[in-house]
Amino acid sequence: MTATATNIGLDGVIAAETKLSAIDGEQGQLIIGGYSLEQVATQLQFEELVYLLWYGTLPTVPQLKAFDIMLKRFRQLPDNVLDVLRVAARQQKQPMDALRIGLSVADLDQQELDSNALSCLILSRSASIVATYQRLLSGDPPVAPDDSLSHAANYLYMGSGVRPTQTTAKGMETYLNTVIEHGLNASTFAARVIIATQSDLLSAVVGAVGALKGPLHGGAPGPALEMVFEIGSAENAEPAIRAKLNAGERLMGFGHRVYKVRDPRADVLAAAAEALYVNGQQRAFYELAKTVETVAIDLLAEYKPGRRLQTNVEFYTALLLHGLQLDPTFFAPTFAIARVAGWIAHCYEQSKTGRLIRPKSRYVGERNTSIAPIALRSHLNLLSAERN
Ligand code: ACO
6 MTATATNIGL DGVIAAETKL SAIDGEQGQL IIGGYSLEQV ATQLQFEELV
56 YLLWYGTLPT VPQLKAFDIM LKRFRQLPDN VLDVLRVAAR QQKQPMDALR
106 IGLSVADLDQ QELDSNALSC LILSRSASIV ATYQRLLSGD PPVAPDDSLS
156 HAANYLYMGS GVRPTQTTAK GMETYLNTVI EHGLNASTFA ARVIIATQSD
206 LLSAVVGAVG ALKGPLHGGA PGPALEMVFE IGSAENAEPA IRAKLNAGER
256 LMGFGHRVYK VRDPRADVLA AAAEALYVNG QQRAFYELAK TVETVAIDLL
306 AEYKPGRRLQ TNVEFYTALL LHGLQLDPTF FAPTFAIARV AGWIAHCYEQ
356 SKTGRLIRPK SRYVGERNTS IAPIALRSHL NLLSAERN
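6 is the number of the first residue of the sequence shown in our numbering; add one for each residue after it.
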């Protein structure tokens with residue numbers, strides 16, 4: 006690319022080197038920390054995978070034990086965080102906003118944590134904030150963490166007050182492992198831009214939460230689930246999806262900037278979700294979602310030929326998290342409590358480069374204009390609006 010070429014969405018631009026993940030968007034393959042997605046999603050505990058991303062190697066038994074103790078040390082939310090979450094719940098703030106607000110004050114009770122401890126605090130407290138906010142928003146009291154439970158199981162427990170079964174805990178762990186890390190996506194890029202200014206880790210994570218909130222990134226699974234509910238029956242799938250595409254709507258849970266084939270994470274999550282839809286009515290909903298997926302892909306090929314729009318991670322995220330009884334407004338924050346581990350790992354990597362991230366913009370405004378006296382401006386603005 007020449008120095009003067011513009012690339013508005015930075016498509017295909019390589020802005021970092023990473024050992025954290027490799028995405029092959031043409032083959033539909035994802036490697037995380039050197040291992041295939043299929044292995045890490047189902048064979049590792051979330052804590053082991055976080056350790057791999059942060060420290061570059063899988064932990065030994067003593068290393069994992071020490072790491073686990075450090076994570077659990079921060080699970081309990083201090084009063085200042087609980088207070089702000091209560092205010093947020095009274096004002097019915099969206100869960101992603103509550104996560105941003107809670108995280109901003111999450112280290113107020115601590116002084117001079119080293120980066121390992123701060124990373125553990127951010128990871129543990131993100132999960133506790135989201136789980137506690139589920140309780141507060143439904144008018145229930147917070148649930149204290151249970152140190153006998155893993156990170157994934159404790160998240161479910163603190164959110165529902167009910168001890169998860171082996172199947173539901175495994176479902177949540179598979180989800181967290183699957184979405185923990187994914188190259189230079191928008192939120193990870195945001196975190197790297199912030200940390201590259203030599204700002205702090207917590208600021209980088211809070212910025213990344215803001216980027217993840219948008220419907221073109223982490224905010225898609227809620228609407229994806231709504232679409233399946235709205236469609237309601239297999240016969241209605243085609244007319245309903247056609248109506249959306251005719252209206253110029255985007256189908257949430259489909260399309261990806263990098264994957265031009267099926268997102269490999271969709272398969273892993275589909276398998277994990279299937280285990281949660283066991284009785285007749287649940288099974289019927291799962292089957293309906295699969296029909297919606299097939300019809301959507303066919304119609305996207307018809308309406309957007311050559312765009313190669315396939316199922317992305319968010320479609321089966323919706324199904325899996327719905328199967329775990331989470332409200333759709335908590336889908337994006339649950340994504341965040343996994344991805345926070347990836348953001349932190351990227352911040353470590355970025356900091357090692359010591360390089361500020363500072364692209365250029367191409368000026369397309371006017372030049373050589375002179376400042377009009379204020380009394381004449383509304384008249385001139387009107388003329389300029391008429392010209393445009
Ligand atoms: N439904 C309908 N049309 C779509 C969709 C979709 N889901 N995705 C892309 N298109 C169309 C666009 O309208 C555009 O059509 P046009 O050329 O006729 O104008 C064409 O496909 C190319 O779209 P772009 O916006 O250039 O593709 P981009 O790479 O920027 O899009 C994105 C990626 C934002 C994910 C997009 O596919 C989308 O909006 N999907 C729906 C939201 C979603 O599922 N987001 C989650 C993504 S996964 C994640 O972030 C964790």
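Quick reminder that beta carbons are idealized off the backbone N, C-alpha and C, glycines included.
Separation of the CB atoms of VAL135 and ILE342 is rounded to 6 angstroms, and the pair is thereby assigned contact status at 8 angstroms. Under the three-state reduction of DSSP output, PHE79 falls in the coil class, being neither helix nor strand. In the structure shown, SER26 adopts extended strand secondary structure according to DSSP, grouped into three states. Checking the 7 angstroms criterion, the Cβ of MET101 is out of range of every heavy atom belonging to the ligand ACO. Taken through DSSP and simplified to helix, strand or coil, LEU154 comes out as coil.
ALA337 is positioned such that its CB atom lies closer than 8 angstroms to that of LEU217. Between LEU256 and LYS265, the C-beta gap is not smaller than 8 angstroms, which leaves the two residues out of contact.
Beta-bridge annotation (DSSP): PHE259 is paired with THR316.
Judged by DSSP secondary structure, GLN44 falls within the alpha helix (DSSP H) whose first and last residues are 42-48. Taking LEU57 as the centre and dropping the five residues before and after it, the same chain places the C-beta of GLY38 and LEU63 closer than 6 angstroms to its C-beta, in chain order.
CA-CA distance, ASN317 to ARG382, rounds to 49 angstroms. Contact between ARG130 and LEU82 holds: their C-beta atoms lie close to 6 angstroms from each other, under 8 angstroms. Taking C-beta atoms under 8 angstroms as the contact rule, LEU90 and ALA103 qualify, at a distance of about 6 angstroms.
Shown here, LEU381 sits in a helix according to DSSP, grouped into three states.
Every unbroken stretch of the alpha helix (DSSP H) spanning 4 or more residues and falling wholly within the region 159-207 is given here in chain order: 171-184 and 191-200. According to the DSSP assignment, LEU54 belongs to the alpha helix (DSSP H) that extends over 51-60. Between the alpha carbons of TYR308 and GLU231 lies a distance of about 22 angstroms.
VAL214 counts as buried, since at least 16 other C-beta atoms from the protein chains shown sit within 10 angstroms of its C-beta.
Beta-carbon to beta-carbon, GLY176 and LEU314 are separated by about 27 angstroms, too far to satisfy the 8 angstroms threshold. Distance from the CA of GLU52 to the CA of GLY311, rounded to the nearest whole angstrom, comes to 41 angstroms. One Cα belongs to SER41, the other to ARG267, and the distance between them is close to 16 angstroms.
With fewer than 16 neighbouring CB atoms inside 10 Å of its own CB, LEU113 falls in the exposed class. Counting C-beta atoms within 10 angstroms of its own C-beta, THR11 has fewer than 16 neighbours from the protein chains shown and is therefore classed as exposed. In this structure, VAL297 is the residue among HIS222, GLY164, HIS327 and VAL297 with its C-alpha nearest to the C-alpha of ILE246. When rounded, the separation of the alpha-carbon atoms in LYS24 and VAL55 is 14 angstroms.
About 16 angstroms separates the Cβ atoms of LEU76 and LEU108, ruling out a contact at the 8 angstroms cut-off.
Leaving aside the five residues that flank THR172 on each side, the residues in its chain whose CB is nearer than 8 angstroms to its CB run, in chain order, ALA280 and LEU281.
With a cutoff of 7 angstroms, LEU113 does not count as near the ligand ACO, since its C-beta is closer than that to no heavy atom of the ligand. Note on geometry: alpha-carbon atoms of PRO220 and LEU293 lie some 23 angstroms from one another. Judged by their CB atoms, TRP348 and SER155 are not nearer to each other than the 8 angstroms cut-off. About 15 angstroms separates the beta carbons of ARG360 and ALA209, which is beyond the 8 angstroms limit, so they are not a contact pair. Using a Cβ-Cβ distance cut-off of 8 angstroms, the region 318-326 and the region 225-245 are in contact, since at least three pairs of beta carbons, one from each stretch, lie closer than that value.
According to the DSSP assignment, GLN34 belongs to the beta strand (DSSP E) that extends over 34-37. Assigned with DSSP and collapsed to three states, ASN85 falls in helix. In the three-state DSSP reduction, ILE246 falls in the helix class (H, G or I). Relative to the non-hydrogen atoms of the ligand ACO, the Cβ of LEU221 comes within a distance shorter than 7 angstroms of at least one.
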